[in-house]
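Chains as they are written, first to last, in the numbering used here: chain A, 1 to 324; chain B, 325 to 810.
Cβ coordinates follow ideal geometry from the N, Cα and C atoms, glycine included.
In what follows, a structure is listed as structure tokens, so that the remarks can point back to it.
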Amino acid sequence: MSKNTASNNTASAAKIYDFCSKKTMILIITAAIIVVTLLGCIIRGININIEFKGGTIISYQYTGDIDDNEVKSAAESVISDTVNVRTGESLNSDAKELTISFTSKSGLTVEKQTELSAALQEKFPDNALSLYDSNDVNPTTGTEFFMKCIVAVIFAAILIILYIAVRFRKIGGWTAGLCSVLALFNDLVVAFAATVIFGFEFSSNTVAVILTILGYSINNTIVIYDRIRENKKLMPKASITELVNAGCSQSLTRSIRTSITTIGAMLSITIVVLISGYDSLLGFSVPLMFGLISGVYSSIFVAPVTWAAWEKKRSAGKKSGKKK
Amino acid sequence: MNIIVSVTLFLLGGMNVKKAKKSTFFIVLVLILLFAASSVFGLDYQFGDNATSLINGVDDIRLGIDIQGGVDVTFGPAEDIDATKDQLNAATATIKTRLVTKGINDSEVYSDLKSSRIIVRFPWQAGETDFDPETAVKELGETCELTFRKGSDYDTDENGDPIPTGDIVITGSDVSLAEAKSLPNDNGEYEIMVKLTLNDSGKSAFSAATSELKGTSTPISIWMDNIMISAPSVNDAITNGVAFISGSFTSLEDAQDLADKINSGALPLKIETKSFKTISPTMGEGSLNAILLAGAIALAAIAVYMIFLYKLPGFVAVIALIGQIAGSIAAVSGWFGFMDSSTLTIPGIAGIILAVGMGVDANIITGERIKEELRSGKSLDSGIKNAYQKAFSAILDGNITNVIVAIVLMGAFGVPTSLFSRMLNSTIFRMFGATAEGVVYSFGFTLLAGVVFNFIMGVFAARLMVTSLSKFKCFKNRKLFGGDVK
Numbered sequence: 001m002s003k004n005t006a007s008n009n010t011a012s013a014a015k016i017y018d019f020c021s022k023k024t025m026i027l028i029i030t031a032a033i034i035v036v037t038l039l040g041c042i043i044r045g046i047n048i049n050i051e052f053k054g055g056t057i058i059s060y061q062y063t064g065d066i067d068d069n070e071v072k073s074a075a076e077s078v079i080s081d082t083v084n085v086r087t088g089e090s091l092n093s094d095a096k097e098l099t100i101s102f103t104s105k106s107g108l109t110v111e112k113q114t115e116l117s118a119a120l121q122e123k124f125p126d127n128a129l130s131l132y133d134s135n136d137v138n139p140t141t142g143t144e145f146f147m148k149c150i151v152a153v154i155f156a157a158i159l160i161i162l163y164i165a166v167r168f169r170k171i172g173g174w175t176a177g178l179c180s181v182l183a184l185f186n187d188l189v190v191a192f193a194a195t196v197i198f199g200f201e202f203s204s205n206t207v208a209v210i211l212t213i214l215g216y217s218i219n220n221t222i223v224i225y226d227r228i229r230e231n232k233k234l235m236p237k238a239s240i241t242e243l244v245n246a247g248c249s250q251s252l253t254r255s256i257r258t259s260i261t262t263i264g265a266m267l268s269i270t271i272v273v274l275i276s277g278y279d280s281l282l283g284f285s286v287p288l289m290f291g292l293i294s295g296v297y298s299s300i301f302v303a304p305v306t307w308a309a310w311e312k313k314r315s316a317g318k319k320s321g322k323k324k
Numbered sequence: 325m326n327i328i329v330s331v332t333l334f335l336l337g338g339m340n341v342k343k344a345k346k347s348t349f350f351i352v353l354v355l356i357l358l359f360a361a362s363s364v365f366g367l368d369y370q371f372g373d374n375a376t377s378l379i380n381g382v383d384d385i386r387l388g389i390d391i392q393g394g395v396d397v398t399f400g401p402a403e404d405i406d407a408t409k410d411q412l413n414a415a416t417a418t419i420k421t422r423l424v425t426k427g428i429n430d431s432e433v434y435s436d437l438k439s440s441r442i443i444v445r446f447p448w449q450a451g452e453t454d455f456d457p458e459t460a461v462k463e464l465g466e467t468c469e470l471t472f473r474k475g476s477d478y479d480t481d482e483n484g485d486p487i488p489t490g491d492i493v494i495t496g497s498d499v500s501l502a503e504a505k506s507l508p509n510d511n512g513e514y515e516i517m518v519k520l521t522l523n524d525s526g527k528s529a530f531s532a533a534t535s536e537l538k539g540t541s542t543p544i545s546i547w548m549d550n551i552m553i554s555a556p557s558v559n560d561a562i563t564n565g566v567a568f569i570s571g572s573f574t575s576l577e578d579a580q581d582l583a584d585k586i587n588s589g590a591l592p593l594k595i596e597t598k599s600f601k602t603i604s605p606t607m608g609e610g611s612l613n614a615i616l617l618a619g620a621i622a623l624a625a626i627a628v629y630m631i632f633l634y635k636l637p638g639f640v641a642v643i644a645l646i647g648q649i650a651g652s653i654a655a656v657s658g659w660f661g662f663m664d665s666s667t668l669t670i671p672g673i674a675g676i677i678l679a680v681g682m683g684v685d686a687n688i689i690t691g692e693r694i695k696e697e698l699r700s701g702k703s704l705d706s707g708i709k710n711a712y713q714k715a716f717s718a719i720l721d722g723n724i725t726n727v728i729v730a731i732v733l734m735g736a737f738g739v740p741t742s743l744f745s746r747m748l749n750s751t752i753f754r755m756f757g758a759t760a761e762g763v764v765y766s767f768g769f770t771l772l773a774g775v776v777f778n779f780i781m782g783v784f785a786a787r788l789m790v791t792s793l794s795k796f797k798c799f800k801n802r803k804l805f806g807g808d809v810k
């Protein structure tokens with residue numbers, strides 16, 4: 001598409017930073033991310049929504065006062081399994097919310113659920129119980145959905161590596177593709193850590209976060225690869241390190257400015273959601289925000305610098321091979 | 325409506341960047357604004373009492389149950405029964421009929437042959453306090469097999485439920501019409517009953533059975549699944565093909581309920597719920613309002629930011645963004661006649677956000693390039709031309725990877741009959757059932773539509789507008805394009 005015939009080296013206008021010398025810093029940050037993630041998993045534990053692990057959550061709205069323990073024993077007598085009961089304020093200021101949850105191996109048939117509602121309404125006639133939300137997932141269905149999401153993400157990643165390998169073959173496409181997925185992985189781990197540390201559940205929100213990061217992260221890396229590809233044409237004699245440093249420096253302003261808009265949009269969602277109280281969306285906006293912040297770093301440092309180091313090793317290997 | 329699309333495409337296609345004139349900016353601007361206005365407000369055509377929607381607007385968007393509240397159920401055969409393809413298809417058809425009988429017209433019902441599941445989704449309208457989703461779902465999953473049997477004998481199973489054993493005379497499939505009626509009985513008193521009009525096979529079977537049992541002490545018992553409704557004795561042979569069920573109704577609604585069940589037909593196999601989810605309308609609506617408010621704030625901030633950073637190209641970028649958002653709305657609402665509309669869910673909104681973010685990025689990449697070119701000493705005309713050419717490869721590659729993601733998701737989680745699903749579910753996702761997970765599909769759909777509009781608006785239309793504006797004398801100022809003063 002681009003001709004670049006008369007173009008002089010536009011890189012000369014901007015300052016070139018030495019990104020490739022930051023290998024130690026990248027290693028330290030990567031190690032820190034892994035440690036924080038592991039600590040988060042150990043300390044906070046991983047909450048998996050029943051969408052994936054199977055089980056039942058039923059919420060009712062009620063008025064007046066209700067005794068948790070009485071609800072628990074009433075529910076247990078219908079379901080004949082241990083249940084958790086939690087009461088709390090509902091988003092509708094005038095109503096209160098009662099949540100009954102339990103994990104069962106086979107899920108709760110709608111007949112049982114109707115029976116439960118009827119039993120509770122009969123036992124607590126003064127509280128005007130009404131069904132608010134219910135979620136009942138058979139464990140096999142939940143696991144299958146989760147596995148299918150993972151296979152879909154892996155399949156998409158393989159196709160992306162293939163696409164990058166073809167489009168960027170002039171600058172060693174395979175290695176570039178694999179490094180872009182490495183950067184993506186970095187961002188996904190950060191988003192995962194944010195989910196765990198802030199105590200969000202793994203739910204369909206998390207799936208949306210993973211998918212959005214998949215798109216943004218690869219796009220960020222590609223914009224920088226594109227600049228390296230262009231510099232390769234402009235400066236065919238430059239070393240890999242020079243090409244990468246120039247490409248990253250030239251893309252720096254764009255990377256930061258684009259990220260300000262996307263991170264700002266997520267921040268705006270987070271704030272509005274916090275104020276309005278519909279915090280079910282926080283599990284989407286907060287991990288995504290962290291994934292995007294990580295994307296600024298990983299697209300400039302992780303992908304191109306790792307790629308440069310790899311390419312250097314490969315060309316060194318080729319040269320020593322020729323000497324023999 | 326298709327005329328509008330073709331005219332727009334023709335006008336846009338006829339515009340060559342090289343020939344961009346001063347007037348081009350206004351033509352593109354007017355087209356984008358017209359498109360945005362029509363995709364938001366829609367266009368209705370009123371003829372007498374019939375309002376036909378010519379162009380779908382925001383009001384025509386179907387909201388997913390996570391936004392407007394609703395019910396999401398997955399049915400499967402009870403106790404590991406192997407269901408055949410025909411049984412599943414017949415059961416799906418029956419469930420659809422039952423939904424319509426209940427007055428629920430905007431439901432989605434899919435059957436998934438691989439994992440033998442039937443997925444049902446329907447909205448639960450806000451303010452509908454008398455609607456009980458649990459009962460509704462329970463009724464959907466009932467087998468509802470009507471049988472007329474010789475004698476009233478039955479066995480009991482291990483739960484103590486009766487299992488009828490008498491020879492079957494006729495079943496629900498022999499009935500061509502069931503109606504609830506209040507009719508005078510033998511004593512001349514009005515009684516509520518269900519009148520069954522039998523089809524030919526039912527007529528002859530019923531006639532033979534009633535002739536046989538006429539005057540004997542053996543009754544004909546009437547069963548709905550394993551509940552005996554009544555067991556009248558036979559006084560006369562009934563040959564006119566009309567049968568009545570009476571004796572157990574307390575109100576006309578009761579009788580109507582039974583008539584509806586018989587009319588909808590029986591399920592060919594016993595099914596139970598595998599997963600069941602209800603979302604109350606109040607919660608969904610609140611989330612939607614929160615996300616819309618946040619989107620509006622973010623958009624306004626981005627507009628100010630873009631104009632501040634990139635001046636004239638920034639201003640053009642804002643117009644292009646409006647066009648892109650209108651494009652996403654249009655894709656979801658079914659503005660384009662040739663393309664199916666989709667249901668908008670919360671991940672679908674995430675897809676729109678991702679696509680808009682890509683659109684902003686495309687404009688930032690070009691904005692930065694214009695600045696660079698001008699700073700390296702290029703003239704305004706060749707600077708703009710070079711900048712767009714150089715920026716394109718990055719925008720293309722970034723967006724194509726998102727197209728890949730979108731197609732994989734639409735294939736993995738789409739309706740089993742859709743194009744991408746047929747491609748992927750038979751190959752890469754073979755080990756999984758064709759789960760139509762509308763929530764993830766919706767993300768792929770809005771992302772794909774958004775990326776397409778990214779090219780139309782963010783790349784093509786923006787370039788036309790910027791090039792055209794640079795022809796105006798008053799805008800021939802390098803500073804307005806982010807260049808240095810010379």
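Restricting attention to beta strand (DSSP E) runs no shorter than 3 residues, the stretch 458 to 507 of chain B encloses them at 470 to 474, 478 to 480, 486 to 488 and 492 to 495, ordered along the chain. For V85(A), there are no C-beta contacts with chain B under 8 Å, since the nearest C-beta of that chain is about 19 Å from it. Straight-line measurement puts the Cα of V209(A) at about 16 Å from the Cα of N47(A). For R386(B), the CB contacts under 6 Å within the same chain, skipping 5 residues up- and downstream, are T667 in chain order. If you look at V272(A), you'll find it in the alpha helix (DSSP H) that goes I240 to S276.
Residues of the same chain with a CB within less than 7 Å of the CB of W307(A), apart from the 5 flanking positions on each side, are T175, A176 and C179 in chain order. DSSP places Y514(B) in the strand class (E or B) of the three-state scheme. Within the same chain, G381, V382, A650 and I653 come within 8 Å of V364(B) by CB-CB distance, once the 5 residues on both sides are set aside.
At a beta-carbon threshold of 9 Å, none of the residues of chain B lie near E122(A); the nearest stands roughly 15 Å away. DSSP places Y132(A) inside the beta strand (DSSP E), whose first and last residues are S130 to V137.
I780(B) is positioned such that its CB atom lies closer than 9 Å to that of G647(B). According to the DSSP assignment, A583(B) belongs to the alpha helix (DSSP H) that extends over L576 to S588.
Burial of L520(B) is indicated by the presence of at least 16 other C-beta atoms within 10 angstroms of its C-beta. With its beta carbon at least 9 Å from every one in chain B, C248(A) lies outside the interface.
Contact of G264(A) with chain B is assigned, a C-beta pair being separated by under 9 Å. Shown in chain order are the members of the stretch 226 to 250 of chain A whose Cβ falls below 9 Å from a Cβ of chain B: D226, R227, R229, E230 and Q250. Taking 7 Å as the Cβ-Cβ cut-off, the stretch 597 to 622 of chain B approaches chain A at T597, K598, S599, F600, K601, T602, I603, S604, T606, M607, G610, S611, A614, I615, L617, A618, I621 and A622, given in chain order. Spanning the alpha carbons of R257(A) and I688(B) requires a straight line of approximately 7 Å. For Y629(B), the chain A residues whose C-beta falls within less than 9 Å of its own C-beta are R257, I260, T261 and G264, listed in chain order. Bridge partners of Q713(B) according to DSSP: none are assigned. The distance from the Cβ of I595(B) to that of F399(B) is about 4 Å, consistent with a contact at the 8 Å cut-off. Between D549(B) and C468(B), the beta carbon gap of about 7 Å places them in contact (Cβ cut-off 8 Å). Secondary structure at K346(B): helix, using DSSP grouped into helix, strand and coil. Only M266, L267, S268, I269, T270, I271, V272, V273, I275, S276, G277, Y278, S280, L281, F284 and S285 from the stretch 266 to 286 of chain A bring a Cβ to less than 9 Å from some Cβ of chain B.
When 7 Å is used as the limit between beta carbons, A736(B) is near these residues of chain A: K148 and A152, in chain order.
When 8 Å is used as the limit between beta carbons, A718(B) is near these residues of chain A: I222, V223, D226 and R227, in chain order.
If you draw a 10 Å sphere on the C-beta of L243(A), you find 16 or more other C-beta atoms in it, and that means buried.
Under the DSSP assignment, A567(B) falls outside any alpha helix (DSSP H), being part of the beta strand (DSSP E) whose first and last residues are V566 to S570. Selection L281(A), L274(A), R314(A) and S255(A) evaluated against A674(B) yields L281(A) as nearest (Cα-Cα).
A contact is defined here as three or more CB-CB pairs under 8 Å, and the stretch 411 to 423 of chain B fails this definition with respect to the stretch 572 to 580 of chain B. Setting aside the 5 residues that flank it on each side, V727(B) is surrounded in the same chain by V775, each with a C-beta closer than 6 Å to its C-beta; the list follows chain order.
According to the DSSP assignment, E692(B) belongs to the alpha helix (DSSP H) that extends over I670 to R699.
As the crow flies, the alpha-carbon of S21(A) is around 19 Å from that of A32(A).
Contact with chain A is found for L771(B), since one of that chain's Cβ atoms lies less than 9 Å from the residue's Cβ. For F185(A), there are no CB contacts under 8 Å within the same chain when 5 residues up- and downstream are skipped. Distance from L771(B) to V732(B) at the Cβ level is roughly 11 Å; contact not present, criterion being Cβ atoms closer than 8 Å.
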